[in-house]
Amino acid sequence: MEIRLENLTKVFTNKKTTDTLAVNQLDVTIPSGKLIGLLGPSGCGKSTTLYMISGLLKPSQGSIFFGDDDVTTVPPEERGIGLVFQNYALYPHMTVSQNIMFPLENLKVPKEEALERAQKIADLVGIGELMSRKPAQLSGGQQQRVAIARALVKEPRVLLLDEPLSNLDARLRIQTREEIRRIQRETGITTIFVTHDQEEAMSISDEIILMDFGVKQQMGAPQNVYDEPENLFAAKFLGTPPINLFDGKITAKKIKLGPAVIGTTQSAPNDIVIGIRPEGFVVEEEGPIVADVEFVETIGRDTTLIMIDPTDATKRFRAIVDSDYRIEAGHQVQLSVKPHKMYIFDHETGERL
Amino acid sequence: MLEDKSNVKAWFYLGPALFLLSIFIFYPIFNALFLVFLRDYNYLQGTWEGFTLFENFFYVFRNQNFTQALTNTMIITFVSVPISVIIALLISVWLNSVLKLRGFFQTIFFLPYVTNAIAIGMAFAFLFNQNYGLINTMLGWVGLNPVNWVGLGATWGNAMFSLLIYVVWASLAFKIMVFLSGLQNIDKQYYDAARVDSTKRYRIFRRITVPLLSPMIFYITITSFIGAFKAYTQVIGMFGVRLGPPGNDKSLITIVALVYDALDRSGVPGALSEAAATAIVLFLITLVFTLINMQVSKNRVHYSGGGK
């Protein structure tokens with residue numbers, strides 16, 4: 002099921018304070034059968050978007066299409082969606098099996114068929130033996146799977162997950178996100194999940210939609226967005242450790258970081274922000290950037306250098322280089338930049354140049 | 448040392464409450480337990496004729512009003528409690544979903560709780576007045592003849608019906624307040640989840656609201672049963688010390704009324720022990736029904752987060 006959001010806008014009105022523009026004219030087409038990560042910092046409107054797709058929130062403007070059907074005014078109970086809540090919202094008084102069968106009872110599926118389908122979906126998500134337990138007797142990861150099973154059992158057209166991993170501990174999070182990936186592949190259901198964790202979104206999504214201040218920043222395959230950020234926000238939000246930013250200048254088609262010329266461009270002379278990924282530096286004797294090394298961390302094959310920003314001595318930047326180089330704190334190094342790991346942005350608008 | 452200090456402080460805080468409880472609750476309870484085994488205890492002279500196990504209880508059962516009191520108490524309890532719990536539940540679910548004028552409705556439903564029972568009783572007595580009362584006026588609108596609810600020579604049935612309406616109404620306020628706070632504690636996500644899963648409204652009520660509210664419902668049911676077994680003020684409020692409509696005196700007598708009845712005769716040797724024995728009979732009835740209640744609801748009450 003392809004999902005299309007057209008000009009989708011949500012304004013929260015509040016008597017006491019000013020209105021909040023949570024989602025601003027969002028235009029997105031979500032391809033059928035894919036796992037989509039809706040990514041952004043807290044308060045960027047990603048959950049609001051998800052709840053508008055579910056129908057629990059009404060858009061202030063714009064339309065939502067499921068395939069060719071305009072579902073903008075269709076109530077949630079008729080949209081055929083499965084929704085997994087951040088806190089799972091499992092009914093505490095029902096057993097796992099009753100929780101999973103609950104949506105089927107509403108659809109008047111005969112009891113035996115319901116039992117069979119519940120068992121099948123429970124086996125799929127790996128909780129087949131826990132059917133007679135109550136939610137309180139389950140671990141966080143198990144509760145999460147019950148919630149997914151409950152959302153999937155009625156064979157929805159779309160599966161929506163709100164911060165599905167935020168209540169799990171670090172190890173379980175990695176395990177469960179792969180589980181979500183597997184379940185999505187096996188069912189082939191169009192799935193949208195909301196997260197603020199870029200690593201989580203990058204690791205399992207077919208495509209990510211990056212949002213900030215209610216506005217879509219960029220959409221694409223995770224690696225593409227990482228490699229080709231369209232603006233400063235996209236460059237800053239993706240990547241651990243984060244991208245290094247420097248104030249630079251374009252003079253006579255040369256990109257200048259302080260005195261160092263680190264590349265050429267066709268753009269007009271301007272104040273710019275230069276973004277260089279930590280892995281984008283190479284230690285070279287003739288490298289144009291000269292920096293003082295403040296601190297060296299060697300972990301396995303990688304060496305991380307923390308250096309003083311040559312353009313602003315109060316700032317630090319970080320480079321990940323091969324541990325072949327023996328570099329010590331307090332020394333000076335010369336660095337060159339891999340062109341495809343460097344991006345330049347307009348100083349005012351943050352747009353990529 | 449530290450522990451000693453905090454203990455002293457705790458007793459200090461508990462002191463005033465314990466002092467009052469001792470005088471007005473603990474001493475009377477133990478005194479009643481003592482009195483019940485005295486033969487022909489004379490309150491005025493402080494003398495008695497030895498001890499007895501059951502004699503005072505025989506006095507209770509031989510009281511000509513005992514059967515009537517027991518019947519009335521049981522009817523008041525078993526009719527008013529279920530009806531008021533169900534009505535209160537429906538009203539609170541409705542109130543919880545009302546957005547406009549909610550505070551206004553909440554105040555209206557809460558008013559009986561802060562109003563004097565005798566005053567409400569008098570108002571109800573007037574509502575049921577044969578000639579001027581609102582009830583008979585309304586019956587007139589649909590072409591029915593006026594009924595003698597609580598007037599001279601009113602039948603036991605009519606008087607009991609009026610009393611029950613009053614008891615149910617007066618007990619709604621507290622229940623609604625408890626249910627409403629319970630409803631507001633239920634996570635909204637359960638309702639969102641139910642909506643996404645196309646759950647019909649009555650099913651949401653039956654399968655989600657009621658189970659999640661069950662600890663409150665259980666608490667209210669138990670305390671209401673205990674409260675209803677003690678019915679007395681309501682009868683006084685509506686019918687005064689005659690305990691029934693004029694000409695049908697004592698027809699609405701309750702067990703607690705029997706206690707006061709015996710106390711009225713406290714000059715007579717043994718009367719005080721009879722009052723104590725009546726109180727203990729009421730205590731045993733209450734205890735038995737509370738235990739039954741707890742047993743019945745054992746598997747129907749779901750404490751959230753429990754189950755472990």
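Protein chains in written order, with our numbering: chain U, 2 to 354; chain A, 448 to 755. For each residue, glycine too, the CB sits at the ideal point set by N, CA and C.
Report the neighbours of residue i on chain A: residues whose CB is nearer than 9 angstroms to its CB, in chain order.
i      : result
N88(U) : D634 and Q636
Rounded to the nearest angstrom, how far is the Cβ of residue i from that of residue j, given a contact under 8 angstroms?
i       : j       : result
T265(U) : K254(U) : 5 angstroms
N517(A) : I702(A) : Sequence check: residue 517(A) is Leu here, not Asn. Indeed they touch by this definition, with Cβ atoms about 7 angstroms apart.
A535(A) : T680(A) : No, A535(A) and T680(A) are not in contact; Cβ-Cβ is about 20 angstroms, not under 8 angstroms.
M102(U) : L116(U) : 7 angstroms
G189(U) : G34(U)  : 5 angstroms
P279(U) : A261(U) : Not really, about 18 angstroms apart at Cβ, beyond 8 angstroms.
I128(U) : Q143(U) : 6 angstroms
M685(A) : A572(A) : 5 angstroms
G141(U) : L169(U) : 5 angstroms
S527(A) : V615(A) : 5 angstroms
R653(A) : N107(U) : Incorrect: roughly 12 angstroms between the Cβ atoms, too far for contact.
I263(U) : I273(U) : With 8 angstroms as the limit, I263(U) and I273(U) do not qualify as a contact, their Cβ atoms being about 11 angstroms apart.
Y637(A) : L660(A) : Wrong, their Cβ atoms sit about 11 angstroms apart, outside the cutoff.
G259(U) : P311(U) : 5 angstroms
T725(A) : L705(A) : 5 angstroms
So residue i contacts chain U; which residues on that side make the cut at Cβ distance below 9 angstroms?
i       : result
F659(A) : Sequence check: residue 659(A) is Leu here, not Phe. Those within 9 angstroms of L659(A) in chain U are Y92, P93 and H94.
D639(A) : Y52, S55, L57, P77, L84, F86 and A90
Determine which residues share a DSSP beta bridge with residue i and list them.
i       : result
V226(U) : The partner list for V226(U) (beta bridge, DSSP) is empty, contrary to what the question assumes.
T191(U) : V159(U)
A292(U) : V334(U)
F736(A) : Paired residues: none, contrary to the question.
I101(U) : For I101(U), which the question treats as bridged, DSSP gives no partner whatsoever.
I210(U) : L39(U) and M220(U)
S64(U)  : E7(U)
G276(U) : L246(U) and Y344(U)
R317(U) : I309(U)
T494(A) : N489(A)
F13(U)  : T21(U)
G264(U) : I256(U)
L84(U)  : L161(U)
E298(U) : T305(U)
R353(U) : F346(U)
D71(U)  : F66(U)
V29(U)  : L6(U)
I251(U) : I256(U) and N271(U)
T196(U) : L40(U)
Give the residues of chain U in contact with residue i, contact being defined as C-beta atoms less than 8 angstroms apart.
i       : result
I655(A) : Y92
K647(A) : N107
R549(A) : Per Cβ cutoff of 8 angstroms: no residues; R549(A) is ~16 angstroms from chain U at best.
Measuring CB to CB, does residue i end up less than 9 angstroms from residue j?
i       : j       : result
G38(U)  : E201(U) : yes
Q515(A) : K697(A) : yes
T554(A) : F736(A) : no
A479(A) : I732(A) : no
Q334(U) : M308(U) : In the sequence as displayed, the identity of residue 334(U) is Val instead of Gln. Yes. Within cutoff.
P136(U) : I149(U) : no
I522(A) : L611(A) : yes
I667(A) : L542(A) : no
I181(U) : L51(U)  : no
K11(U)  : V195(U) : no
V483(A) : S720(A) : yes
D248(U) : I277(U) : no
G381(U) : I31(U)  : The requested residue 381(U) does not occur in the structure, where chain U is confined to residues 2 to 354.
I655(A) : T646(A) : yes
H348(U) : V294(U) : no
F214(U) : C45(U)  : yes
L233(U) : G351(U) : yes
F556(A) : L619(A) : yes
P230(U) : R353(U) : yes
Run down chain A in chain order and give the residues with a C-beta less than 7 angstroms from the C-beta of residue i.
i       : result
I82(U)  : V643
F355(U) : Lying before the first or after the last residue shown, residue 355(U) is absent from chain U, which here runs from 2 to 354.
Give the residues of chain A in contact with residue i, contact being defined as C-beta atoms less than 8 angstroms apart.
i      : result
S55(U) : V643
Ordered list of alpha helix (DSSP H) runs contained in the segment 563-598 of chain A, each at least 4 residues: 564-574 and 581-588
Taking a Cβ distance cut-off of 9 angstroms, strictly less, list which residues of the segment 121-133 of chain U are near chain B, in chain order. Annotation note: the requested chain B is absent from the structure, which comprises protein chains U and A.
Going along the chain, which unbroken runs of the alpha helix (DSSP H) with 4 or more residues stay wholly within the segment 629-684 of chain A? 635-643, 648-651 and 657-676
Counting only runs of 4+ residues fully inside the segment 468-551 of chain A, write out the alpha helix (DSSP H) ranges in chain order. 474-482, 502-509 and 513-544
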